[in-house]
Amino acid sequence: MKDYQFDTEVSKEEFDHFVQNHRFCNLLQSYDWAKVKSNWEALHTGVYQDGKLQAVGLVLIKQLPLSFTMFYIPKGPILDFEDAEMVKFYFQALKKVARKRHCIFIKFDLGIVIREFTLSQRDAPLFGYTETILENMKRIHAQHKGFTTYIEETVQPRFQMGLKPCNLDEHLPKSTKRSIKKATKKNVVVEEVGIKGLPEFAQIMHMTEERKNVHLRTEDYFRLLLQTYPTAHLYLAYVDPLQRKNELLQKKKELEARIAQKSNKKAEHELLQNQEELTSIQKVCEKSPHKTAIAGGMMIGYGKEYEMLYAGSNDDFVNFRPQYLLYARQFQDAFANQAEFVTMGGVDGDFQDGLSEFKSNFAPYIREYIGEFDLPVHRVLYALAIKAMPLAKKMLKRKT
592 MKDYQFDTEV SKEEFDHFVQ NHRFCNLLQS YDWAKVKSNW EALHTGVYQD
642 GKLQAVGLVL IKQLPLSFTM FYIPKGPILD FEDAEMVKFY FQALKKVARK
692 RHCIFIKFDL GIVIREFTLS QRDAPLFGYT ETILENMKRI HAQHKGFTTY
742 IEETVQPRFQ MGLKPCNLDE HLPKSTKRSI KKATKKNVVV EEVGIKGLPE
792 FAQIMHMTEE RKNVHLRTED YFRLLLQTYP TAHLYLAYVD PLQRKNELLQ
842 KKKELEARIA QKSNKKAEHE LLQNQEELTS IQKVCEKSPH KTAIAGGMMI
892 GYGKEYEMLY AGSNDDFVNF RPQYLLYARQ FQDAFANQAE FVTMGGVDGD
942 FQDGLSEFKS NFAPYIREYI GEFDLPVHRV LYALAIKAMP LAKKMLKRKT
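Just so we're aligned, residue 592 is where the sequence shown starts under the numbering used here, counting upward by one.
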């Protein structure tokens, strides 16, 4: 065994420098993610060799009944998983700490991409290191939870969609560019709003919760993210319905005048479309007559990647296509900040879910992650805990 030293209090500067420059860098392994997960205890673990940091892991600790705990490492730890000796040392050292904390098991979902492909090329092979890493996990008796397909099967999604730096005008499908153009034509504008836009963003997210019957996050949580990460960006898409209504009324007059002068099928078709939109926007104006936030999104940059963490919209304005313009703006800003990948978040691995349907409009790359592992610390209690795992997963999804 090499001369390794294990530490549970790696400094913020060292920790973040290591993670941000590692090939498995992930926001959920940033030093300050512990601040975001303030209802968990946290350890900033690391392994040194000859005074140089060689591995780190943000370990979250959840208190369980009867003074027991569980350890959870989101998208980590960060180390060379092809190095069997390093893997063995890190987890042996962590298990010693875990036993002192009466930990039943350590759950971790590694931030290791094992395949990258597009929707048109789904048969891409696994990356060469996959089998080596799985074998190294077996050697430490970590139990792989399988190559799952659906979001609800794991704490963190195993499949994510995103984009690499590109010219959006060249990359995006024609249908998506039409939606962006439609949003612009309807006077939708996207603004980066910062903390001052939180009340509107929280309201939009609440609408999304009610529409999808899910529980997302509170305004305080979003504020914490913005305050914790200087590279956090909050965007809102706005529209002024009354302004749009007046434009449509003016356009209606012009079309009627053209038709009165001479029968014109194209103008008649435009007039019909104009009237349909007028009828629709009249209902919107009754609810929101002034400038209104109709969609929002938050993304955070860490290392060489950006993550779109949250997005929502007001369904009353679905025909304004604000999400398309919003996502395009976020991509542009992330690429301008030298992002090498921008993830739109998780999807089901059969790509039949609603999230996949929308995100596929951006011709994304799909990253498949290696998945979750459990490392039992107290084997007898772990066996009992497995029976309660569905409840535990719900707890982790809510708390992580």
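The C-beta atom is built at its ideal place from N, Cα and C for all residues, glycine as well. For clarity, every value in this text was computed on a predicted model and none was experimentally measured.
In this structure, what does DSSP give as the bridge partners for residue i?
i      : result
Tyr956 : Thr709 and Gly753
Met890 : His824 and Met899
Leu701 : Gly962
Val610 : DSSP, once it has assigned bridges, lists no residue as partnering Val610.
Glu783 : Tyr826
Phe615 : Paired residue(s): none; Phe615 is not in a bridge.
Thr883 : Val830
Ser904 : Ala886
Cys694 : Thr660
Output the boundary residues of the alpha helix (DSSP H) element that contains residue i.
i      : result
Phe680 : Ala675 to Lys691
Glu600 : Run containing Glu600: none; DSSP gives neither H nor E here.
Glu726 : Thr721 to Arg730
Ser766 : Lys765 to Lys776
Lys626 : Trp624 to Val627
Ala733 : Taken as a continuous stretch (DSSP letters only), Ala733 belongs to no alpha helix (DSSP H), as it is neither H nor E.
Ile742 : Taken as a continuous stretch (DSSP letters only), Ile742 belongs to no alpha helix (DSSP H), as it is neither H nor E.
Asp760 : Leu759 to His762
Val971 : Arg970 to Lys978
Among the options, which one has its Cα closest to the Cα of residue i?
i       : options                           : result
Ile1000 : Pro716, Trp624, Thr599 and Phe597 : This structure leaves residue 1000 out entirely; the chain is present only between 592 and 991.
Arg958  : Ala733, Ser947, Pro967 and Leu966 : Ser947
Tyr897  : Trp631, Asp941 and Gln751         : Gln751
Leu833  : Leu869, Arg849, Leu807 and Ile850 : Leu869
Glu791  : Lys773, Lys772 and Asp811         : Asp811
Gly903  : Tyr741, Met796 and Val968         : Met796
Ala684  : Phe597, Arg749 and Tyr918         : Phe597
Glu783  : Phe942, Gln921 and Ala646         : Gln921
Phe699  : Gly667, Lys691 and Phe718         : Gly667
Trp631  : Phe682, Ile697, Tyr663 and Asn727 : Tyr663
His969  : Phe659, Val610, Asn865 and Gly940 : Phe659
Phe615  : Leu816, Phe932 and Tyr915         : Phe932
Leu825  : Tyr918, Leu840 and Phe738         : Tyr918
Val938  : Asn612, Asp760 and Thr745         : Thr745
Gly719  : Ala851, Ile669 and Ile705         : Ile705
Met798  : Gly894, Gln747, Asp906 and Leu863 : Asp906
Met661  : Tyr915, Arg692 and Pro880         : Arg692
Ser951  : Arg802, Tyr915 and Asn928         : Tyr915
Gly648  : Asp641, Gln654, Leu655 and Tyr681 : Tyr681
Lys836  : Glu963, Asn865 and Pro821         : Asn865
Leu710  : Thr822, Lys857, Asp941 and Asn804 : Asp941
Lys687  : Thr636, Leu827 and Gln645         : Thr636
Pro665  : Tyr622, Leu655 and Ile872         : Tyr622
Gly887  : His613, Gly737 and Gly788         : Gly788
Gly753  : Asp641, Gly945, Thr934 and Glu963 : Thr934
Ala793  : Tyr956, Lys843, Tyr595 and Tyr901 : Tyr901
Excluding the five sequence neighbours on either side, which residues of its own chain have a C-beta within less than 8 Å of the C-beta of residue i, listed in chain order?
i      : result
Val830 : Lys777, Asn778, Val779, Val780, Lys882, Thr883, Ile885, Phe908, Phe911 and Pro913
Gln818 : Ile786
Ser730 : Here the sequence assigns Arg to residue 730, which means Ser is not the residue at that position. Closer than 8 Å at the Cβ level, and outside the excluded window around Arg730, lie Ala675, Val678 and Lys679.
Tyr973 : Ile695, Phe696, Asp965 and Pro967
Short of 7 Å in beta carbon distance, which residues of its chain neighbour residue i, apart from the five on each side in sequence? Order them along the chain.
i      : result
His762 : Ala954
Lys773 : Arg912
Glu861 : Leu846
Arg690 : Val968
Ile703 : Phe615, Phe672, Ile724, Tyr960 and Ile961
Glu800 : His806 and Leu807
Val627 : Leu815, Leu816 and Thr819
Asn928 : Gly892
Starting from residue i, follow the beta strand (DSSP E) in both directions and report where the run begins and ends.
i      : result
Leu634 : Glu632 to Gln640
Kindly list the residues whose CB is nearer than 6 Å to the CB of residue i, restricted to its own chain and excluding five residues on each side of it in sequence; keep chain order.
i      : result
Ser602 : none
Gln756 : The question names Gln, but residue 756 is Pro in the sequence shown. Excluding sequence neighbours, Pro756 sits near Phe926.
Ala633 : Ala625 and Leu651
Asp965 : Phe696, Lys698 and Gln734
Glu604 : none
Gly894 : Gln611 and Cys616
Lys990 : Note that Lys990 scores a pLDDT of 46, beneath 50, so its modelled location is shaky and nothing firm can be said.
Gln943 : none
Ala976 : Ile695
Thr721 : Ile705
Tyr741 : Asp939
State yes or no: is the C-beta of residue i nearer than 7 Å to some heavy atom of the ligand COA?
i      : result
Met661 : What this structure holds is no ligand at all, so the ligand COA is not there to describe.
Which runs of the alpha helix (DSSP H) fall wholly inside the region 789-857 and span at least 4 residues, in chain order?
-> The qualifying runs are 789-803, 810-819 and 832-852.
Could you pull out every unbroken beta strand (DSSP E) segment of at least 3 residues lying fully inside the region 643-673, listed in chain order?
-> Listed in chain order, the complete beta strand (DSSP E) runs (minimum 3 residues) inside the region 643-673 are 643-654 and 660-665.
Can you check the region 913-968 for any beta strand (DSSP E) of at least 3 residues that lies completely inside it and give the ranges in chain order?
-> When DSSP assignments are scanned along the region 913-968, the uninterrupted stretches of beta strand (DSSP E) that are 3 or more residues long and fall wholly within it turn out to be 932-938 and 956-967.
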